[in-house]
Amino acid sequence: SRAGNVPTSVPRQAANAWLSWNFMPQWTFATGLRYVGGRYADTANKVRVPSYTTVDTALSWRVSKQAALTLRVYNLFNRDYAESFSNGGQQWLLGRPRSAELSANFYF
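The sequence shown lines up with residues 166 to 273 when you count with our numbering.
Printed below as a string of structure tokens:
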């Protein structure tokens, strides 16, 4: 029976928090914290996947009214974590390692 069991891949808790700071007229710094609680990888709730927390940051520069550049850093502290899993929890897909991204936004 699965009565009382938690469905697979459903965390007990999840939370996101973001703060941004416009420290100069055209500059914004932002940082975010993401928490995903422990999950079960099987319907019997015997294989538990641990919780994880990641920190992301961003620095944006509004070049003009029509353009902005943003540098984002994901998983700032380069923590290993299981983002998803398959095969009853025997295979874990790890989340992204520390990585950076530069983007340009154009407004019209």
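We put the beta carbon where it would ideally sit given N, CA and C, even for glycine. Owing to the predicted nature of the structure, the values given are computational and were not obtained by experimental measurement.
By the Cβ test, the region 261 to 268 is in contact with the region 221 to 240, since at least three Cβ pairs between them sit closer than 8 Å. The alpha-carbon of Thr-208 is positioned some 8 Å away from that of Val-171. Shown here, Asn-187 sits in a strand according to DSSP, grouped into three states. When DSSP assignments are scanned along the region 211 to 265, the uninterrupted stretches of beta strand (DSSP E) that are 3 or more residues long and fall wholly within it turn out to be 217 to 229, 232 to 239, 247 to 251 and 256 to 259. Cα atoms of Phe-194 and Arg-167: separation of roughly 46 Å, rounded to the nearest angstrom. Taking 8 Å as the cut-off, the beta carbon of Leu-184 is found no closer than this to the beta carbon of Val-220. Spatial neighbours of Arg-213 in its own chain (CB-CB distance under 7 Å, excluding positions within 5 residues in sequence) are listed in chain order as Gly-203 and Tyr-205. In this structure, the straight-line span from the alpha carbon of Ala-180 to that of Lys-230 is close to 33 Å. About 3 Å separates the CB atoms of Tyr-246 and Tyr-217; that is less than 8 Å, so the two are in contact.
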